[in-house]
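Notes to accompany the following structure.
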Amino acid sequence: MKNWTQPIKNTLKRRPAGLTSPLRAMLAAAILLTLAAPGSFAAEETTSGAIFVEGVTTDGRDDCTGAIQRALDEAGKAGGLVVLPPGRYRVAGSLRIPPGVTLEGVAEAPVWSAPLKGSIILATGGRGQEDAAALFELNHSSAVRGLIVWHSEQRTTNIAPYPWTFHLQGHDNTVENVTLINSYNGIRIGPEGNVRHRIRSVYGCVLRRGILVDGCTDIGRIENVQFHCHWWSAPEVGGDWKPVHEFMWKNCEAFSFGRTDWEYVNNTFVFPVKTGYRFIETKAGAANGQFSGIGADEAQVCVKVEAIQPMGLLISNGQFVCMHGDQRIEVLVDATCNGSVRLVNCAFWGPARQCVVSHSRSFVSLSDCYLSSEGRARNPGVPLVEADNGKLQLRGCSFGSDEPSVALRPGLRHAIITENNGVHGVEILNEIGAQAVIANNEPMPKGP
């Protein structure tokens with residue numbers, strides 16, 4: 407019998423042929439991982455490069471940072487895989503994922519927070535130190551997948567800042583099939599130079615920031631991401647719907663984009679939120695990209711465009727609902743924006759004050775969209791769409807409530823408003839005269 411009181415040497419074991427997943431291989435081989443004692447295990451290494459972390463407890467009592475980092479560094483010598491079997495691993499520090507290394511848990515998809523099972527990281531470091539190193543620091547060709555991250559010392563009654571859960575820089579790094587129970591800051595990409603990040607199937611609760619992208623110069627991808635207070639509502643993880651829900655709609659910025667070229671964002675959603683999607687200019691510049699199947703619910707502002715590259719922002723199949731705060735504008739384009747913003751086949755509803763407000767110096771276009779709010783009785787004289795700068799196109803849209811449909815304010819240089827209809831026709835407030843092309847819209851009914 408092996409003496410578990412002595413340092414444990416890595417033992418090479420071949421992964422069964424034909425099994426591509428190291429986790430399936432672990433199950434098939436039956437003894438790739440040998441239990442050392444209740445709640446602890448020993449590391450073993452396969453000839454394929456998979457390393458099972460050495461000499462750590464899996465009940466969350468002891469700090470596993472050092473042991474996991476040693477396994478990562480060992481894998482980093484040639485590139486490879488470090489596997490965390492089911493258990494709870496307390497990490498009080500920061501883990502650096504070397505180039506060419508993947509840290510993997512057992513989850514093949516995001517999970518609900520009760521019962522909490524799988525490869526669970528109990529992140530306890532960095533409380534009150536928002537600018538400290540991230541829980542996971544990723545560089546070239548590194549990845550984290552299949553993990554659940556729970557900040558187990560965070561409290562709903564006293565929410566404190568924590569560092570980013572993930573920080574990505576360099577080329578071709580990946581975060582996928584990850585569940586965030588209650589991250590204060592989720593995933594930061596940049597501001598260091600980076601290209602081709604892949605964020606896929608990340609679900610959970612983020613309190614202050616979800617994903618922030620900056621410094622990316624070649625096509626990053628963000629796919630199948632949902633942020634929701636639901637994940638930190640279960641008693642098993644110390645959750646409570648009401649305070650978490652309130653904190654998020656007052657503070658959370660879910661998806662923020664500085665410099666990123668050709669960003670592809672698909673199937674993303676947040677509930678509730680202060681600002682759903684925010685586009686800014688940093689020292690590195692602004693963004694351009696395409697966003698499809700995106701949503702923000704119970705927001706103060708769903709989409710806020712402060713800056714964008716001239717070729718701009720393409721949004722299709724979006725769903726936007728504002729319910730909180732004084733602004734309640736679903737898409738707001740600031741006067742600092744000098745790039746094109748185009749929305750196609752999007753739906754705007756809920757108790758928003760306005761659907762789209764543009765102060766942009768450039769182009770704003772809406773096509774085949776559905777726009778509605780609470781109606782004239784609650785928003786007297788407030789138009790669903792309003793523009794006072796740049797150029798506006800609005801074609802083939804339907805207005806689902808009876809507020810004024812469109813207001814063309816002084817300062818707007820040109821507008822094309824054609825082929826729209828509404829529940830009571832299309833009411834257009836034209837204050838720019840001949841600079842507006844208005845044709846083939848459903849007329850307002852005559853009489854009272």
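The sequence shown begins at 407 in the working numbering and counts up by one. Backbone N, C-alpha and C define an ideal beta-carbon position, used for all residues, glycine too. No experiment lies behind these values; they were computed from the predicted model shown.
Inset, instruction - Check the C-beta distance from V791 over to C761 and give it rounded, since I have them as a contact under 8 Å. - result: Position 385 of the sequence shown, counting from 1, holds the residue named residue 791. Position 355 of the sequence shown, counting from 1, holds the residue named residue 761. Contact flag correct, Cβ pair sits at about 6 Å.
Legend entry - Inter-residue Cα distance where the pair is I587 and R665: Your numbering for residue 587 matches position 181 in the sequence shown. Your numbering for residue 665 matches position 259 in the sequence shown. Approximately 28 Å, taken between the alpha carbons.
Legend entry - beta strand (DSSP E) runs contained entirely in the segment 729 to 764, provided each spans 3 or more residues: 735 to 739, 747 to 750, 753 to 755 and 760 to 764
Legend entry - Whole-angstrom distance between Y590 and W570, CA atom to CA atom: Within the sequence shown, numbered from 1, the residue matching residue 570 stands at position 164. Within the sequence shown, numbered from 1, the residue matching residue 590 stands at position 184. Answer to the nearest angstrom: the Cα atoms are 7 Å apart.
Legend entry - Span of the alpha helix (DSSP H) around H651: Here residue 651 refers to the residue found at position 245 of the sequence shown. That run of the alpha helix (DSSP H) goes W647 to N657.
Legend entry - Candidates L749, R684 and G817: closest to S662 by CA position: Here residue 662 refers to the residue found at position 256 when the sequence shown is read from its first residue. Residue R684 is the option with its Cα nearest to S662.
Legend entry - DSSP bridge partner residues for E669 (one or two, in chain order): Numbered from its first residue, the sequence shown carries residue 669 at position 263. Paired residues: G695.
Inset, instruction - Report all residues from its chain with a CB closer than 6 Å to the CB of A513; omit the five preceding and five following residues, and keep chain order. - result: Taking the sequence shown and counting its residues from 1, one reaches residue 513 at position 107. The residues are G524, G552 and N583.
Legend entry - Check whether R734 and Y670 have beta carbons under 9 Å apart: For the purposes of this step, residue 734 is taken as residue 328 along the sequence shown, with counting starting at 1. For the purposes of this step, residue 670 is taken as residue 264 along the sequence shown, with counting starting at 1. Going by C-beta atoms, R734 is not nearer than 9 Å to Y670.
Legend entry - DSSP beta-bridge partners of I595: Your numbering for residue 595 matches position 189 in the sequence shown. Answer is L574 and V619, bridged to I595.
Legend entry - Candidates L528, A539 and V489: closest to R502 by CA position: Walking along the sequence shown from the start, residue 502 turns up at place 96. With distances taken between Cα atoms, R502 lies closest to A539.
Legend entry - Run of the alpha helix (DSSP H) containing A349, from where it starts to where it stops: Within the shown structure, residues of the chain are numbered from 407 to 854, placing residue 349 beyond reach of any answer.
Legend entry - Coil, strand or helix - G486 by DSSP: The residue you call residue 486 lines up with position 80 of the sequence shown. Note: G486 maps to strand in three-state DSSP.
Legend entry - DSSP-derived helix/strand/coil call for P569: As a first step, residue 569 is located in the sequence shown; it is residue number 163 there, counting from the start. Three-state result, P569: coil.
Inset, instruction - Can you tell me the Cβ-Cβ gap for G616 and V555, rounded? I've got them flagged as a contact below 8 Å. - result: Position 210 of the sequence shown, counted from the start, is the residue given in the question as residue 616. Position 149 of the sequence shown, counted from the start, is the residue given in the question as residue 555. The Cβ separation is near 13 Å, so there is no contact.
Inset, instruction - Answer with buried or exposed for A692, where buried requires no fewer than 16 other C-beta atoms within 10 angstroms of its C-beta. - result: Residue numbering aside, residue 692 sits at position 286 when the sequence shown is read from its first letter. When all chains shown are included, A692 counts as buried.
Inset, instruction - Could you spell out where the beta strand (DSSP E) holding L835 opens and where it closes? - result: In the sequence shown, counting from the first residue as 1, residue 835 sits at position 429. I834 to N836 is the span of the beta strand (DSSP E), which, as asked, contains L835.
Inset, instruction - Give the range of the beta strand (DSSP E) segment to which L392 is assigned. - result: Given a span of 407 to 854 for the chain in the structure shown, any question on residue 392 remains unanswerable.
Inset, instruction - Give the range of the beta strand (DSSP E) segment to which T530 is assigned. - result: Your numbering for residue 530 matches position 124 in the sequence shown. Looking at the DSSP string, T530 is not in any beta strand (DSSP E), and its letter there is neither H nor E.
Inset, instruction - Use the C-beta contact count for N564: other C-beta atoms within 10 angstroms, 16 or more gives buried, fewer gives exposed. - result: By 1-based counting over the sequence shown, the position of residue 564 is 158. Exposed, since its Cβ has fewer than 16 Cβ neighbours within 10 Å.
Legend entry - Beta-carbon proximity list for G756, same chain, < 7 Å, skipping 5 on both sides: Within the sequence shown, residue 756 is the residue found at index 350, counting from 1. If we look at G756 and ignore the five residues flanking it on each side, its Cβ neighbours are V727, C728 and M729.
Inset, instruction - Would you decide whether E857 is buried or exposed? Buried here means 16 or more other CB atoms lie within 10 Å of its CB. - result: Past the boundaries of the shown model lies residue 857; the chain is included only from 407 to 854, so the question cannot be answered.
Inset, instruction - Taking all protein chains shown into account, decide if G534 is buried (16 or more other Cβ within 10 angstroms of its Cβ) or exposed. - result: Indexing the sequence shown from 1 puts residue 534 at position 128. Exposed, since its Cβ has fewer than 16 Cβ neighbours within 10 Å.
Inset, instruction - Taking L790 as part of the beta strand (DSSP E), name the residues at either end of that continuous run. - result: By 1-based counting over the sequence shown, the position of residue 790 is 384. Note, L790: premise wrong, no beta strand (DSSP E); not H, not E.
Inset, instruction - Determine, using beta carbons only, whether Y568 and Q575 come nearer to each other than 9 Å. - result: In the sequence shown, counting from the first residue as 1, residue 568 sits at position 162. In the sequence shown, counting from the first residue as 1, residue 575 sits at position 169. Contact flag unset, no.
Legend entry - Same chain, Cβ closer than 7 Å to G817, five either side skipped, listed in chain order: By one-based count along the sequence shown, residue 817 stands at place 411. Answer for G817: D794 and N795, listed in chain order.
Inset, instruction - State the Cα-Cα distance for the pair L541 and G592, rounded to the nearest angstrom. - result: Numbered from its first residue, the sequence shown carries residue 541 at position 135. Numbered from its first residue, the sequence shown carries residue 592 at position 186. Distance between the alpha carbons of L541 and G592: 10 Å.
Legend entry - Start and end residues, beta strand (DSSP E) containing N630: For the purposes of this step, residue 630 is identified with residue 224 of the sequence shown, where counting begins at 1. Unbroken beta strand (DSSP E) run through N630: R627 to H634.
Legend entry - One or two residues paired with E402 in a DSSP bridge: Outside the displayed range of the chain (407 to 854) lies residue 402, so it cannot be described from this structure.
Legend entry - CB of D667 within 9 Å of CB of G695, strictly: As a first step, residue 667 is located in the sequence shown; it is residue number 261 there, counting from the start. As a first step, residue 695 is located in the sequence shown; it is residue number 289 there, counting from the start. Cβ distance < 9 Å, so D667 and G695 count as in contact.
Inset, instruction - Compare the C-alpha of R614 against each of E780, P505, L478 and F653 and name the closest. - result: For the purposes of this step, residue 614 is identified with residue 208 of the sequence shown, where counting begins at 1. Closest by alpha carbon: F653.
Inset, instruction - Measure the CB-CB distance between H557 and T530 and report whether it falls below 9 Å. - result: In the sequence shown, the residue the question calls residue 557 occupies position 151. In the sequence shown, the residue the question calls residue 530 occupies position 124. Going by C-beta atoms, H557 is nearer than 9 Å to T530.
Inset, instruction - Quick one: residues in its chain with C-beta nearer than 6 Å to the C-beta of Q841, no 5 flanking neighbours on either side, listed in chain order? - result: As a working note, residue 841 is residue 435 in the sequence shown. The answer, listed in chain order, is H820.
Inset, instruction - Tell me whether E642 sits in a helix, a strand or coil according to DSSP, three-state version. - result: For this step, residue 642 is matched to residue 236 along the sequence shown. Residue state, collapsed to three classes: helix.
Inset, instruction - Using three-state DSSP, classify G466 as helix, strand or coil. - result: Here the question's residue 466 lines up with position 60 in the sequence shown. In this structure, G466 counts as strand in the three-state DSSP scheme.
Legend entry - Own chain partners of G724 with C-beta closer than 6 Å, once the 5 adjacent residues on each side are dropped: Locating residue 724 in the sequence shown gives position 318, counting from the first residue. Result list for G724: I700 and C752, in chain order.
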